[in-house]
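In what follows, a structure is listed as structure tokens, so that the remarks can point back to it.
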Amino acid sequence: MPETLIFYLLSGLAILTSALVIGQRNPMYSVMLLIASFGALAGLYVTLDAPFVAVAQIIIYAGAIMVLFLFVVMLLNAPHEDGAEWDRAHPLRQPGVGRFGALLALLLVVQLAWALLRTGSVDVPVTGAVDAETISSVRLVGRTLFTDYVFAFEATSILILVAMVGAVVLAHREGDRG
Amino acid sequence: MFHSSFDAVVPMLCVALAALAVMGAEAFRSRGETMPVGGLGIVGLIGAAVSSALLWNRNAISFGVIVADNFALFVTITLVIVGILTIMFSSPVVKRDGLPKGDFYALILFSIVGMMMMASANDLLVIFIGLEIMSIAVYVLTGIRRDDPRATEAAFKYFLLGAFSSAFFLYGIAFTYGLAGTTRLDRIGAFLAAQSMSDNRLILVALGLLLVGFAFKISAVPFHMWTPDAYEGAPAIVTGFMSTGVKAAAFAAFARVFLSAFEPFSGEWAPIVWWIAVATMILGTVVGVAQSNLKRMLAYSSIAHGGYLLVGLVAANQVGKAAILFYLLAYAVTNLAAFGVIALLGTKNAANDELRDYAGLWHSRPALAGLMTVCLLSLGGLPPTVGFIGKWYIFSAAVGAGYYGLAIIGVLTSVISVFFYLRVVVMMYMSDQPATVVFPPVSTVGMAALVASIVVILALGILPTPVLNLAAESIATIF
Amino acid sequence: MLALIPLFPFIGFLINATMGRRLSKGLSGAVACAAIIASFAVAVMSVLQIAGMPADARVLEQVVYTWIASGDLSLDMTFRLDPLGAVMILVITGIGSLIHIYSTAYMHDEIDSEFARYFSYLNLFAAFMLVLVLGANFVVMFVGWEGVGLCSYLLIGFWFKKQSASDAGKKAFVVNRIGDYAFVLGMLFLFTQFGTLDFARLATIASAMPVEEGVFGAISIATLLLFIGATGKSAQIPLYTWLPDAMEGPTPVSALIHAATMVTAGVYMIGRNAVLFSHAPETLFIVAVIGAATALMAGTIGLVQNDIKRVLAYSTVSQLGLMFLAMGVGAFGAGIFHLYTHAFFKALLFLGSGAVIHALHGEQDIRNMGGLKKFLPVTYWTFLIGSLAIAGVPFLSGFFSKDEILYETFHEGHTMLWLVGAITSFLTATYMFRLVFLTFHGERKGSGIGDQGSGHDHGHADPGSLIPDPGHAHGSHLHDAPPAMALALIVLAIGSVLAGYIGVPHALGGHNQLAAWLAPSFQASAAAPGVGGGAELFPQAEAAEEAEVISEEEAALELTLMGVSSAIAIGGILLAAFIWLKRRSIADGMAHRFGGLHRLLLNKYYVDEMYDATVVNPIHVVSRDALWRGFDVRVVDGAVNGTAAIVAAGSNLLRRLQTGSVRAYASSMFVGVVVILGYYLWR
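Residue numbers (this note's numbering), protein chains in the order written: chain E, 6 to 183; chain A, 126 to 604; chain C, 382 to 1064.
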């Protein structure tokens, strides 16, 4: 029972903070709220007996990536969007399209919820030995990553390389090269 | 697991190494020196083609997730052709527009690696990674002309919407994994076959979300909205590349996922794809008629061609599956050549891609006008070009599978579509050249690529049998 | 060897298309003419070869190669020459050669590159037309079918500077696409039903099936679709509107493509599939009715038109209607016979009108002509022969073929259709002689030469052609046709007189060799394995077999009908002579008295306007205004088109994204997602 309670608490927190991220005028607040959201997610991973993922979530997302975000925001010195502009441009205040999008999002949530509720328990065929000890072990994660998922793992390096090349191409200023 | 062979990844490895070589060559060249980076890329692509030919009929599997069956190899070779033609068409364009040479070719090659991965992956996760490699490279290529605000805007739109669609796709993978406990297509197929009787709506949700992800990449209605903007904004040769390569890879993965893993649920997805195909064919054709910009017109035309390919997917009989492969090849060569002509005729400051710019092309550039005519006739599906054989094959598959409605609408739209292709032909032959348009001289490499594509278009139109047989062979071993 | 027949003109096309710009006019004209004449020579040799074979085995086949052979899909690139094809290739290459020769003089005012362009199109057309008739299966035929359409389109719009010419080209194209659509569907349908598209095999399969009397089965559906395709190509109701507009093309083109050859492709296609069509009486009846209705309607319109070429165009539509009537009543031989004679005299008439237009520097309005008889004697006499032939005056070619159609129609019991045909004949005689009298007789109108020449047909493309050529009819009097044109006119005139004598009916003591010659083409090949008869379905075959045993009553009936139609023809000519030679005021008076009818006819029953209102405009609105403007562009316009003005980086870009398109695009996708999931969940 307490597990269920914690689950709802954490997931509620994650949803709430995520929603607030897009509702802030100050980008700094948005980043902070996003960190909070990641924290809540990490908590969820812990309850799912996946401490390694939880730790990785905190270190990589809430830590490294968000720090980078903060730097970018501060370096750009993004101004607080002024109130009038914000009120005018906010999606939810736009006639038509913006509100329509919100409605669609709501519909999608309802659909997914409905589908999940209608589907009873599904027998998930889980591969490999499952017990509380092994599932949480870093060793198993590593082993899976370098056996079953080794190709995906390696392919990701190309993905990252492409993203870097792309960032350089789009960001470099004219005349940087001879 | 560990003594798995590397054979199946050799084709994409060749291309990836070529891409790295291109980057290295550019990075270490001294100032003022020019590197034959395009040539390096072509060498890598030829390596991929040769290794694919050697792997033919061997059904090699590497790491359990990359399968080099004939289906994958056929698509791989199609992608190699796309790559080689793109590089050849690009060489004058890169010089003319002052694009970053090394980065440009490296991105082309990397995105081909992603495409090959999608075509041969037997795992949803790998398909997704391939899709992202391909997409990110293409987003950047779209906006590679940074001095052109249209290109920047197109890239940004494409990126945002692409990310949006990736989210749905990933959501679909997540649901599938949640249900089946695996991302391997063969295991998902086995799981779904056992489930096919139960009324499990969650499977359908997963199915629908995956469908959306693929539909975006093949720009099927109503997920097509990005296409005209992105195609118009991107440099012409990049447009050619993404309208053929991206579509071929996405279709290959689409076909593999839906015809193998989700085959037990074909009764569920076929009706939806039916409607998408109809909407795609009609919208692409009807809106195409009203366009006055050549790139935009070809964008709608490529939407419509996606619809014809979907017809083959819905029909899903032996003929239909083979028809998809053949049509992909036919369409890729034809469309790329058409965009190649546009690319060769543009200048740094003027794209020359309005329909009226082509008025009287016959008088100033007779060879290009003639070659463009063949491309357009092939796109319109007129005999004796490859486009006719492709369409004939697709529609006879649809009729053979009992989808008369699809065939009727398909033939109707392709009949209408000839109208706008011929409008260009008429413009080229039947008007005097306005003094304002100045076409650049055409490079030898570009011309060679163009002639090669035209030879393929006509040869496959006149002697299609060997390739048709290859396509039929490609689908015989799987599905 | 058969492949050579289309190959020669194709080589001619390649030469003129690639090198024509550098060739002189004389050379490119010579190349084109040599190509088609070589093709004619091979055609004659091939026909002689099959003529030497026994009557039921007159087939020459050449499998060029296997086009598609994959799985159960098998298709050969095969050419096949049989008696029907023989008639067609002789007409195409023979009359084609004459028209090529004629064109060298007619198009002489064009600059070199335009001249070469013209001849490359003309040669390409001939190549495709020959593929069309020699093709042994539907797909090869379709290659030609599409190809001739393309060439026709290019040639109609040849003088693209004229808005009306490019519009006409567009219209021809659109209307033909509708027909082609049905044709492709018919092909696909046949393929799925019978598993083959080879004409001989289809005939064999169909002949083993019961005749679909009173039911609308597979064969009926397929043949109906094919017939709709034929109405597009052969300008029948409801798809005839493009042909009169097609007269915007150069006149030799009108003669070759829009009178003698391409427009008869539909008739030929039905003849080629005679077995299929005979198994679908319901379709055949529709064919007959449409043919008769078209013949009558076009005949009435032809009566009041004032453009010399338009009168001939409506006359073509009308004569094609008669051919379809013949096909529809099962008289395939008669239909092809008329196709063959019509090719001679209609080509002659068009070339004659071309000579007139050429002499008058582009004048096409017959109200501004008159009295040309003494200026253009060759043109006059040949034109007169053509008119007599088409009117059906006894013992000229048109008489025999038209009479056979009317006789077969009556004989098959379609009295009403016969009546329509007879009225059409009367109208034909009348409007043709109205044309002759207004053009060549009476007094010369329009004082100067070329003063009315509004650049209708000539004096177009290049400024050079507007500069008078001293040796070229800009002197004080009109010049008759130059030698190349005169040659074509005279040969065709001889043909128009004599062509009918290969089909003299038995009632007149002839042997109707043509019907006997064609008969094997209209039945399932006896040579095909496992096929018995099928001959009992064909009146022609019957006629051929029982050639000499034609009964007394039938002969009497035929003679009677012949008398009637001769009387009709001569009556029509006399009426025209009375009105337009003696009392021209009658014509004006009638036009005045029946003002409404006259306007209706002058405006071609307002069919074009009707199509515009009901079909063309709605499509336009849907495509441009609803789907594109409303659905795709409205959201784009602000963004993409405004971009050039807002040349800036990040902030502006983001702002623009906020004001529109991306969000709309995402919404569209989102709707798609929700709808698809909704379908699955609430289904």
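Beta carbons are placed, not taken as given, at the ideal position from N, Cα and C, and that holds for glycine.
Asked: How far does the alpha helix (DSSP H) with S806/C in it extend, from its first residue to its last?; Found: T796 to F821
Asked: Among F545/A, I186/A, P509/A and G495/A, which one has its Cα closest to the Cα of Q416/A?; Found: F545/A
Asked: Less than 9 Å separating the beta-carbons of L620/C and L566/C?; Found: no
Asked: Mind listing the chain C neighbours of G205/E? Cutoff is C-beta to C-beta under 9 Å, in chain order.; Found: Here chain E covers residues 6 to 183 and nothing more, so residue 205/E does not appear.
Asked: For A120/E, go through chain C and note every residue whose CB falls closer than 9 Å to its CB, in chain order.; Found: L1058, Y1061 and L1062
Asked: Report yes if the CB atom of Y356/A is closer than 9 Å to the CB atom of T364/A, and no otherwise.; Found: yes
Asked: What are the complete alpha helix (DSSP H) segments, minimum 4 residues, inside the stretch 252 to 311 of chain A?; Found: 274 to 305
Asked: Consult DSSP for F460/C and reduce its assignment to one of helix, strand or coil.; Found: strand
Asked: Specify whether the stretch 689 to 703 of chain C and the stretch 634 to 651 of chain C touch according to this definition: at least 3 beta carbon pairs, one from each stretch, less than 8 Å apart.; Found: yes
Asked: So which residues on chain E does M242/A lean against when the C-beta distance must stay under 7 Å?; Found: A160
Asked: For the stretch 260 to 272 of chain A, which residues have a beta carbon sitting closer than 8 Å to at least one beta carbon of chain E?; Found: I261, A262, Y264, V265, G268, I269, R271 and D272
Asked: Excluding the 5 residues preceding and the 5 following V162/A in the sequence, name in chain order all residues of the same chain whose CB lies nearer than 7 Å to its CB.; Found: V147, A150, E151, K226, G227 and Y230
Asked: Within 10 Å of its beta-carbon, does T71/A have 16 or more other beta-carbons around it, so buried, or fewer, so exposed?; Found: The first residue shown for chain A is 126 and the last is 604, placing residue 71/A beyond what the model contains.
Asked: Can you tell me whether DSSP reads E824/C as helix, strand or coil?; Found: coil
Asked: Quick check: what's the CA-CA separation for V1017/C versus T352/A?; Found: Only weak support is given to the placement of V1017/C: the predicted model assigns it a pLDDT of 40, under 50, and the value that follows is read from those uncertain coordinates. So the alpha carbons of these two residues sit roughly 12 Å apart.
Asked: Once you ignore the five residues that flank I418/C on each side, which residues in its own chain have a CB closer than 6 Å to its CB?; Found: S478
Asked: Please confirm if G702/C has its CB atom under 9 Å from at least one CB of chain A.; Found: no
Asked: To the nearest angstrom, report how far apart T612/C and T805/C are at their CA atoms.; Found: 19 Å
Asked: Out of curiosity, what's the CA-to-CA distance linking H855/C and Y487/C?; Found: Residue placement at H855/C is flagged as unreliable, the pLDDT there being 42, under the threshold of 50; a coordinate-derived value is accordingly withheld.
Asked: Under 7 Å Cβ-Cβ, which residues of chain C neighbour W399/A?; Found: By Cβ distance, chain C contributes nothing, its closest Cβ being about 12 Å from W399/A, past 7 Å.
Asked: Drop a sphere of 10 angstroms on the beta-carbon of Q116/E, count the other beta-carbons inside from all chains shown, and report buried for 16 or more, exposed for fewer.; Found: buried
Asked: Less than 9 Å between the C-beta atoms of V167/E and F366/A, yes or no?; Found: no
Asked: List the residues that DSSP assigns as beta-bridge partners of T447/C.; Found: D457/C
Asked: According to DSSP, what are the bridge partners of D688/C?; Found: D746/C
Asked: Of the residues D490/C, R825/C, A728/C and D688/C, which one's Cα is nearest the Cα of L1068/C?; Found: In the structure as shown, chain C starts at 382 and stops at 1064, and residue 1068/C therefore has no counterpart that could be examined.
Asked: Spell out the partners DSSP gives V192/A in its beta bridges.; Found: I186/A
Asked: Any contact between the stretch 236 to 244 of chain A and the stretch 255 to 273 of chain A? By contact I mean 3 or more CB pairs, one from each, below 8 Å.; Found: yes
Asked: By how many angstroms is the C-alpha of L332/A removed from the C-alpha of A441/A?; Found: 17 Å
Asked: Could you have a look at G733/C and say whether DSSP puts it in helix, strand or coil?; Found: helix
Asked: Any heavy atom of the ligand ZN closer than 8 Å to the CB of I202/A?; Found: The ligand ZN is not part of this structure, which contains no ligands at all.
Asked: Counting only C-beta atoms, is Q116/E closer than 9 Å to chain C at any point?; Found: yes
Asked: Quick check: the stretch 649 to 666 of chain C against the stretch 783 to 792 of chain C, are at least 3 beta-carbon pairs closer than 8 Å?; Found: no
Asked: Determine, using beta carbons only, whether Y992/C comes closer than 9 Å to chain A.; Found: no
Asked: Since V988/C is in the alpha helix (DSSP H), which residue starts that stretch and which ends it?; Found: V988 to Y992
Asked: In whole angstroms, what separates the C-alpha of I766/C from that of D861/C?; Found: 17 Å
Asked: Between the stretch 668 to 687 of chain C and the stretch 754 to 762 of chain C, do three or more beta carbon pairs fall short of 8 Å?; Found: no
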